[in-house]
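Protein chains: 2
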Amino acid sequence: MTKATAEARANIALIKYWGQSDPRLNLPLTSSISMTVDKLVTRTTVEPDASLKADTLSINGVAQAGAPLARAQRHLDRLRQRAGSAAFCRVASENTFAASAGLASSASAFAALTVAGFAALGAKVSEREMTTFARLGSGSAARSIHGGFVEWRAGPTHEASYAEPLAPASHLDLHDVVVVLSEGEKKVGSSEGHGLAETSPLNAGRVARVPALLAEVREGILHRDIKKLGRAAQEDALLMHAVMMTSTPSLLYWTPGTVAGLHAVRRWREEGLMVYATIDAGPNLHLLCAGRDAPEAARRAREELAPAALLDNAPGEGARLVAAHLF
Amino acid sequence: MTKATAEARANIALIKYWGQSDPRLNLPLTSSISMTVDKLVTRTTVEPDASLKADTLSINGVAQAGAPLARAQRHLDRLRQRAGSAAFCRVASENTFAASAGLASSASAFAALTVAGFAALGAKVSEREMTTFARLGSGSAARSIHGGFVEWRAGPTHEASYAEPLAPASHLDLHDVVVVLSEGEKKVGSSEGHGLAETSPLNAGRVARVPALLAEVREGILHRDIKKLGRAAQEDALLMHAVMMTSTPSLLYWTPGTVAGLHAVRRWREEGLMVYATIDAGPNLHLLCAGRDAPEAARRAREELAPAALLDNAPGEGARLVAAHLF
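Top to bottom, those sequences are chains A and B. Just so we're aligned, residue 3 is where the first sequence starts under the numbering used here, counting upward by one. Just so we're aligned, residue 3 is where the second sequence starts under the numbering used here, counting upward by one.
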């Protein structure tokens, strides 16, 4: 066994993951497509220690208990079972961004934990299998195993629900300018929210529409057509939030700033700036645009939307081991 | 022929009219239920005049041309055909509220025009037929023919698509506190918007859900259960706006104030004030609550939502002839 450190990056879904066909395995109702981003990084060290009676977890230097610890422990149990190991681990994780603010920190967290955990426990698994284990920790973590543009195939089984690269980060200079409108914690996290998707009378309509939108985003990526992928991504984000706000209970993640941003983005596009908006399970806007337009999009967002923070992401690399020491 | 004056009131839909099976006849995709309100009044005088070469229209004292005049003329053509008359008319209409701000002025306008027009042209038509003719002018005008609580049955034909009373205004002291967030004109009026409903992948889901919501609102009215009808009305409003924002083009009628209001209403309910929100094709919030709670709902809205105007409506009377003079 080794002490292993891995880095993984968050991803922004262009076609969203919302709703599950199997909550136990995090099998999604639809396939999804994302871009791994470069500036939302989780760095996680896993250190097996025979003297431990249970796994421990610190996040940004703060020892965790309760639900976050239990969730990490459950994930380590899965990794141990696959690795044929019984060793408890000391886990230390650092994020470059606020957790639970809709910046998809669980994706980078479980991607990093999976890569570091398997390395620390001495299991050799393929990249594809790595994505399926990351998925068991947090669905969208499957996508953060890969860099650039990634599709997570819904799949009917654990093995068939894996993520695969569509194009590397260097293929298309799409940016994700994150307009942080709130760094507060969400009332209903996305893990709970997934279970509500099918309570919306509109969910089946979204699920039926997604295959066409997936095809448009794939084509947009392939042909470097940001307009095509941006339109499809924006439509899908509105579909997801429509499902959310009409579920029982109703999930209204939007704030006044979110709506101001949606109107502003439309106006900017009418004024000739090719920018589209997507929104995860939170209030923040993600502005999708070409890298050359990102400074202008960020400038307008700063002037007109009074964000708490702004983050201009380029396509980022996949999860990788940055250190592994035998001990 | 006579000079005739009629008054009609706007209505707030508890289950919305959105989308048409026949745009020419304004046949809706679903039935709808509304409450006629007491404070949004249109008063219209129709005066046939053998010396006129064409119909004329004034609204709030201002002579109209272009689209508003043409729409009134088309409606008068229908009334003339039914009445067996060829007389052009002088029409003068007064509203107690701003037109085209999502306060459903076309409902009261076409209800008043239909009642005054038939009286002026000397046609005797039943109340049911009156609602079908009001519908040809503006779909929701069918509901404003009746006072109190009204259902407009979708109907497969002109004759079968009529409105009928569910309960008189005196049956239930439901209030509609209108929180006016914008008095500006809408970019896309609801007449155009109806044609977009079926471009949304979510429309079929709403249409399938509406019968159950209609039943809940009917029961809520019958049993004076404001909680039951309020929940159903609020769900339906979110369903309609979900359809609107996911149509092509996307109709985002909400402003930041709309979302602030939706969050506020949820908070007020958690704090024990039984109030629900509905939203027409515009940004304004309509707070549905018992009459005894309306002053408190209005007070909170004034303090927290910075409205441009507030209007506390009780259930109102149906359209009626207020003067008819032989000449």
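Backbone N, C-alpha and C fix where the C-beta goes; we use that ideal spot for every residue, glycine too.
Item                                                                                                                                                                                             : Value
The beta strand (DSSP E) spanning threonine 58 of chain B covers which residue range?                                                                                                            : 58 to 61
If we define contact as Cβ-Cβ less than 7 Å, is glycine 63 of chain A a contact residue for chain B?                                                                                             : no
Pull out every residue of the region 192 to 213 of chain B whose Cβ sits closer than 7 Å to any Cβ of chain A, in chain order.                                                                   : Pro203, Leu204, Ala206, Gly207, Arg208, Ala210 and Arg211
Name the two residues that bound the continuous alpha helix (DSSP H) containing methionine 276 of chain A.                                                                                       : It is not in any alpha helix (DSSP H) - methionine 276 of chain A carries neither H nor E in the DSSP assignment.
In whole angstroms, give me the CA-to-CA distance for leucine 29 of chain A and alanine 65 of chain A.                                                                                           : 31 Å
I want to see whether chain A comes within less than 7 Å of tryptophan 256 of chain B, judged by CB atoms only; does it?                                                                         : yes
State the CB to CB distance for the pair isoleucine 35 of chain B and glutamate 153 of chain B, rounded to an integer number of angstroms; the pair is presumed to be in contact (CB under 8 Å). : 5 Å
Using a 10 Å radius around the Cβ and a threshold of 16 neighbouring Cβ atoms, would you call arginine 145 of chain B buried or exposed?                                                         : buried
Run through the DSSP bridge pairs and tell me what leucine 29 of chain A is partnered with.                                                                                                      : A/Asp24
Along chain A, in chain order, which residues have C-beta atoms closer than 9 Å to that of glutamate 272 of chain B?                                                                             : Ordered by position in chain A, no residue passes the 9 Å Cβ test against glutamate 272 of chain B, which lies about 11 Å from the chain.
I need the straight-line Cα distance from alanine 72 of chain A to lysine 41 of chain B, nearest angstrom please.                                                                                : 58 Å
Keeping to the same chain, check which residues put their C-beta closer than 8 Å to that of proline 285 of chain B; ignore five residues upstream and five downstream.                           : Gly104, Leu183, Ser184, Tyr255, Trp256, Thr257, Gly259 and Thr260
Among A/Thr32, A/Asp314 and A/His77, which residue has its Cα nearest to the Cα of aspartate 57 of chain A?                                                                                      : A/His77
What did DSSP end up calling tryptophan 256 of chain A once you bin it into helix, strand or coil?                                                                                               : coil
Taking just the CA atoms, how far does threonine 7 of chain B sit from threonine 116 of chain B?                                                                                                 : 10 Å
With DSSP as the reference, label histidine 148 of chain A as helix, strand or coil.                                                                                                             : coil
If you check the beta carbons only, do alanine 143 of chain B and alanine 113 of chain B fall under 7 Å apart?                                                                                   : yes
Measuring only the C-alpha atoms, how far is alanine 316 of chain A from lysine 18 of chain A?                                                                                                   : 19 Å
Helix, strand or coil, according to DSSP, for aspartate 295 of chain A in the structure here?                                                                                                    : helix
Just to check my reading of the structure: histidine 288 of chain A and valine 180 of chain A have Cβ atoms closer than 8 Å, yes? What is that Cβ distance to the nearest angstrom?              : 6 Å
Quick one: Cα of tyrosine 278 of chain B to Cα of alanine 244 of chain B, how far?                                                                                                               : 17 Å
Beta-carbon separation of serine 108 of chain A and threonine 44 of chain A under 7 Å?                                                                                                           : no
Assuming contact is defined by CB atoms lying nearer than 7 Å, are leucine 81 of chain B and leucine 123 of chain B in contact in what I supplied?                                               : yes
I'd like the list of long-range same chain contacts for arginine 233 of chain A, defined as Cβ closer than 6 Å, with 5 residues on each side in sequence excluded.                               : none
Per DSSP, what kind of secondary structure is methionine 3 of chain A in: helix, strand or coil?                                                                                                 : coil
For chain D, is any of its Cβ atoms less than 7 Å away from the one on alanine 244 of chain A?                                                                                                   : Here chain D cannot be found, since the structure's protein chains are A and B.
Glutamate 237 of chain B and threonine 248 of chain A look like a contact to me (Cβ under 8 Å); what is the Cβ gap, rounded to whole Å?                                                          : 7 Å
Beta-carbon of leucine 231 of chain A versus every beta-carbon of chain B: anything under 7 Å?                                                                                                   : no
Go ahead and label lysine 55 of chain B buried or exposed: buried means 16 or more other beta carbons lie within 10 angstroms of its beta carbon, across all protein chains shown.               : exposed
Based on the DSSP output, what are the partners of tryptophan 270 of chain A in its beta bridges?                                                                                                : Its beta-bridge partners do not exist; DSSP assigns none.
With distances taken between CB atoms, is the gap from leucine 240 of chain A to methionine 37 of chain A smaller than 7 Å?                                                                      : no
Inspect the beta-carbon positions of cysteine 91 of chain A and valine 39 of chain A and report whether they are closer than 7 Å.                                                                : no
Along the chain, where does the beta strand (DSSP E) that runs through histidine 177 of chain A open and close?                                                                                  : 176 to 182
So if DSSP puts isoleucine 223 of chain B in a beta bridge, which residue, or which two residues, is it bridged to?                                                                              : In the DSSP output, where bridge partners are listed per residue, isoleucine 223 of chain B has none listed.
Assuming aspartate 238 of chain B is part of the beta strand (DSSP E), what are its boundary residues?                                                                                           : Unbroken run through aspartate 238 of chain B is the alpha helix (DSSP H), 228 to 247; no beta strand (DSSP E).
Along chain B, in chain order, which residues have C-beta atoms closer than 9 Å to that of glutamate 237 of chain A?                                                                             : Pro203, Thr248, Thr250 and Ser252
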